[in-house]
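So for the sequence shown, my numbering puts the first residue at 175; every next one is plus one.
Positions of the beta carbon are idealized from the N, C-alpha and C atoms, including for glycine.
Down below is the structure, laid out as structure tokens.
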Amino acid sequence: FALKKPSTGGGAKEKSKEQMAKESAPGEGGAGDPQFSGVLFSEDCGFELHLNVTWFKLGEYYQKAMNYSLMIILTVPLQIYLLVQQTEYSGTQAGMAKVSLACIGMQAILDSYQCLLHLTAGIIVETLFNAFSTAAFFQFMLFSIFEMRVLLQIWKSRRPNAEQNWLEIRRDLSVLYSRFYGGFLCGIFLMYLTQQSPGFIALVCNSYWLPQIAWNAWNNNRKPLLPSYVLGISATRLLVPLYIFGCPQNFIRAKPQPWVCVLLLLWVGLQVAALAMQNWFGPRCVVPKAWLPEVYDYHRMVDEGVLVQCGACDAEG
């Protein structure tokens, strides 16, 4: 095989170095980094292989990855703090029963995905192991300790009068963990089926407030979540997808997709707005009345004789 430099349309003139090396666009190695194009061909076989080669500075790449891991390391403790504040706000069984199990469970599954991805990246790239393993450790603490504890509290709050022995507690724990890992595997299967649509995956992963909105409307729950918790979790969980789809110099070298960032901001903003409307105007203000369960006003039955007697007293008076 020989290297054949691309020629211009009409002649056999070779391209100069200025024509062969050009600046790559953001997402193709970074602005200012060169790109080389060429053709490998075999005269005997008539075979041609077109090549487009880009390269980047490894030190700058590692620095970008370090900055990303630092962002994760700083945001996860903030998420833990917000979750602890929410747990104290919903300290009673009645308060915990107002929180959607699917809402917290979905967030725990997302954190487990990120923990697994960061740990895998740290193992593959030895230089980034310390930074990414630290980020994975923080996220492991978040979903395995704090979020699973909240899930267990919500699970127990819906069984307030159940006196359980140790075997029944173990059975309930096994059911809770089986649902968690079942959702984990279903999420992986869904991402595999829609791997060609990363924007759709990002929208689905940032739909964690929908179960809480539906739970509020169904059970007529009033103010189940702290406003600071909703705003803080929404902002911190948007950092990673906005970095991937919006930053032109991201370390995974993904091409920016501004329209995905706009959709994510609008979608999460609509969910937060719906929760705010439920706090201000009632839990069922966002749902048409035809879709709501029938509500009964229970009152004590009054004997008809009492009503007649009271009517006679009024007449005498």
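On the DSSP letters alone, give me the boundaries of the beta strand (DSSP E) that residue i sits inside.
i, result
"THR249", "Looking at the DSSP string, THR249 is not in any beta strand (DSSP E); the run it does join, the alpha helix (DSSP H), is 232–263."
"PHE221", "221–228"
Between the C-alpha atoms of residue i and residue j, what's the straight-line distance to the nearest angstrom?
i, j, result
"ASP346", "MET280", "19 Å"
"PRO432", "SER408", "19 Å"
"LEU359", "TYR287", "10 Å"
"ILE524", "LEU412", "Any answer about residue 524 is impossible in this case: the structure gives the chain only from 175 up to 491."
"GLY201", "VAL250", "Caution is warranted here: a pLDDT of 46 is assigned to GLY201, below 50, making its placement in the model unreliable, and the coordinate value is therefore given only provisionally. Computed Cα separation, rounded: 27 Å."
"LEU437", "CYS219", "50 Å"
"CYS459", "MET451", "7 Å"
"ILE540", "TYR236", "Only positions 175 to 491 of the chain appear in the structure, and residue 540 is not among them; the question remains open."
"TYR355", "HIS224", "45 Å"
"ALA195", "VAL213", "Residue placement at ALA195 is flagged as unreliable, the pLDDT there being 42, under the threshold of 50; a coordinate-derived value is accordingly withheld."
Going by CA-CA distance only, name the one from the options that's closest to residue i.
i, options, result
"ILE362", "LEU405, MET322, GLN313, LEU290", "LEU290"
"ILE387", "LEU416, GLN370, ARG353, VAL442", "VAL442"
"ILE418", "VAL404, LEU405, VAL434, TYR403", "VAL434"
"PRO385", "ILE375, LEU399, LEU439, SER348", "LEU399"
"LEU244", "PHE311, ILE297, VAL258", "PHE311"
"SER381", "LEU302, VAL250, VAL404", "VAL404"
"VAL446", "LYS397, CYS421, THR249, LEU325", "LYS397"
"GLY456", "TYR235, TRP392, THR294, ARG344", "TRP392"
"MET240", "GLU217, ALA295, GLN253, PRO422", "ALA295"
"PRO401", "ALA448, ARG427, LYS429, CYS421", "ALA448"
"LYS231", "LEU439, PHE425, PRO430", "PHE425"
"ARG353", "THR410, MET322, LEU444", "MET322"
"LEU444", "LEU377, PHE306, LEU252, GLU342", "LEU377"
"PHE374", "CYS277, SER318, PRO415, MET270", "PRO415"
If you measure from the CB of residue i, is any heavy atom of the ligand MG nearer than 7 Å?
i, result
"TYR351", "This structure simply doesn't include the ligand MG, nor any ligand for that matter."
Report yes if the CB atom of residue i is closer than 8 Å to the CB atom of residue j, and no otherwise.
i, j, result
"SER331", "GLN267", "yes"
"TRP329", "LEU316", "no"
"VAL227", "PHE210", "yes"
"GLY233", "ILE283", "no"
"ASN395", "LYS272", "yes"
"LEU257", "VAL324", "yes"
"GLY406", "LEU252", "yes"
"LEU326", "SER307", "no"
Where does the unbroken alpha helix (DSSP H) through residue i begin, and where does it stop?
i, result
"ARG453", "Note that residue 453 is Asn in the sequence shown, not Arg. It spans 432–455 - the alpha helix (DSSP H) in which ASN453 sits, taken as one unbroken run."
"SER307", "303–315"
"THR294", "275–298"
Starting from the N-terminal side, write out each stretch of the alpha helix (DSSP H) that is 4 residues or longer and does not extend beyond the region 327–390. As for any alpha helix (DSSP H) of minimum length 4 sitting wholly inside the region 327–390, the runs are 340–367, 372–379, ordered along the chain.
Please specify which runs of the alpha helix (DSSP H), each continuous and at least 4 residues long, are wholly inside the region 393–423, giving them in chain order. 401–420
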